[in-house]
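In the numbering used here, the protein residues as written are 74 to 408.
Report on the following structure.
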Amino acid sequence: MTKLYALIMGVLLLAGAAPEPATLADVDLQTFSASAEALCYLAAGSTAEKGEYAPKIRSALDIVLRNVGSPDFTRSGRSAFIAPFAPIFLAELLHDKEKLADPALRTKAMEILQRAVALIEAGQKEGIGEAHGTEGSGAWGYSIAEGKNEGRRKAQGAVCCLIALLAARDAGAKVSEAALTKGTDYLMRCVGPTGEVGYQGTATDGKYAGYGRTAGALYIMKRMGKEKSVEYQRALKWLDAQKVDKDYEAHAGAFQAWGFVWGGLFHAIRGGSAEGKYFTYAGKFFKDVVKPDGTWNGKDWVLKETTLNPSLTNLSLLGQLLRKGNITVLTKVAK
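This is the structure:
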């Protein structure tokens with residue numbers, strides 16, 4: 074393990090796990106925390122049954138199986154941004170049999186993964202809605218549990234939910250191809266004239282253009298065979314002119330974490346000189362991740378009224394670990 078990866082894993086161990094959920098919102102927050110942390114341990118090379126971090130992965134699995142099975146899962150106010158990491162975690166365990174060999178646990182994990190897929194698909198929007206300049210059918214809102222015709226349409230939520238659905242499909246779960254197509258079409262409509270993907274579509278103020286949203290949309294378009302499209306090429310040009318750290322000051326500070334995780338994911342499957350350039354630049358930000366409260370370089374991960382330390386630090390670190398290629402459901406099938 075390199076010095077950087079040793080530092081990353083040390084920070085994860087320092088951060089620890091979330092407490093037992095006490096409120097409806099805590100169900101999603103705890104599930105997100107456990108999933109993001111466990112994905113880092115898997116990315117570092119452990120499995121649910123072998124390796125230094127196996128006990129922590131099993132502990133996270135227990136939390137995720139319980140919480141995703143709860144009637145409160147996805148019902149928090151911003152579940153579209155955080156709940157999808159649970160099905161990504163389950164999908165990785167199921168995609169690579171070496172990571173979860175126990176037959177009974179695999180059966181249960183697939184059952185719970187299928188429940189998560191059903192909830193995400195049920196939350197996909199219909200109609201224009203509050204789409205801020207972009208026809209909103211195929212999007213998701215702040216919360217997965219919102220009605221199909223209610224609320225705003227969010228490119229941020231669409232990226233997270235679509236990546237989760239792609240992972241679930243590749244792990245063997247039944248996923249609606251229509252949902253994937255509608256969601257991809259929505260994101261392509263969100264690509265602005267200069268290539269950025271705004272927070273809520275093309276009418277979003279340019280300063281709210283998101284590195285993470287654009288990188289995530291590029292990953293999805295690539296996976297859905299849209300690389301030759303005008304939207305893909307335009308978004309790629311915009312991304313290559315930006316830096317991953319731009320999101321911290323551009324909007325809520327928390328969005329930089331999604332910049333790192335989806336930026337890392339897209340470049341991990343992109344390859345070539347652009348991959349090396351990205352990870353060299355991004356790696357410079359991980360030298361001082363040593364704060365016991367879970368903050369990173371003094372960054373306080375605040376998303377509106379919710380402070381997500383250390384979970385978003387873990388999410389940022391996951392983006393850097395994705396280059397190792399151990400999260401196969403996201404990286405191997407996409408190459």
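Just so it is clear, CB atoms sit at the ideal spot from N, CA and C, and this is done for glycine as well.
These numbers come from a predicted model, not from an experiment.
Rounded to whole angstroms, what's the CA-CA distance from residue i to residue j? Just pull it up for me.
i, j, result
"tyrosine 128", "arginine 286", "For the record, residue 128 in the displayed sequence is proline; it is not tyrosine. So the two alpha carbons sit approximately 33 angstroms from each other."
"proline 266", "tyrosine 259", "15 angstroms"
"alanine 246", "proline 160", "10 angstroms"
"alanine 290", "tryptophan 213", "14 angstroms"
"threonine 379", "leucine 166", "Residue confidence for threonine 379 is low, a pLDDT of 49 falling below 50, so the modelled location carries little weight; the figure read from the coordinates is stated next. One C-alpha to the other measures close to 29 angstroms."
"alanine 156", "leucine 338", "18 angstroms"
"serine 389", "alanine 251", "31 angstroms"
"glutamate 300", "isoleucine 185", "32 angstroms"
"tyrosine 114", "alanine 330", "18 angstroms"
"glycine 356", "leucine 403", "20 angstroms"
"glycine 218", "glutamine 315", "Going by the sequence as given, residue 218 is alanine instead of glycine. About 33 angstroms."
"glutamine 197", "isoleucine 400", "26 angstroms"
"serine 152", "histidine 340", "26 angstroms"
"alanine 109", "serine 119", "14 angstroms"
"threonine 353", "glycine 220", "42 angstroms"
"cysteine 234", "glycine 211", "11 angstroms"
Go through its chain and collect everything with a Cβ distance to residue i's Cβ below 6 angstroms, but skip five positions before and after it.
i, result
"leucine 239", "Arg296"
"alanine 111", "Ile130, Ala133, Phe162"
"valine 303", "none"
"glutamate 194", "Ser249, Ala252"
"tryptophan 335", "Gly285, Ala288, Gly289"
Whose C-beta lies closer than 7 angstroms to the C-beta of residue i among residues of the same chain, with five residues either side of it excluded?
i, result
"valine 248", "Val190, Leu238, Ala241, Arg242"
"isoleucine 136", "Gln103, Thr104, Ala107"
"lysine 123", "none"
"alanine 121", "Ala127, Ile130, Arg131, Leu134, Leu166, Lys172, Leu173"
"aspartate 169", "Thr401"
Any idea what DSSP makes of residue i, helix, strand or coil?
i, result
"lysine 227", "strand"
"valine 406", "coil"
"valine 137", "helix"
"valine 248", "coil"
"glycine 392", "helix"
Among residues of its own chain, excluding the 5 on either side of residue i, which ones have a beta-carbon nearer than 8 angstroms to its beta-carbon?
i, result
"alanine 116", "Leu391, Leu394, Leu395, Lys397, Asn399, Ile400"
"serine 216", "Thr147, Arg148, Ser149, Gly150, Arg151, Ser152, Ala153, Gly196, Gly224"
"methionine 294", "Thr257, Leu260, Met261, Glu300, Ser302, Glu304, Tyr305, Ala308"
"lysine 310", "Gly268"
Could you name each continuous alpha helix (DSSP H) segment of 4 residues or more that falls completely within the segment 282-314, going from the start of the chain to the end? 284-296, 303-313
Just list the alpha helix (DSSP H) runs in the segment 151-195, keeping only unbroken ones of 4 residues or longer that don't cross its boundaries, in chain order. 152-155, 158-168, 176-195
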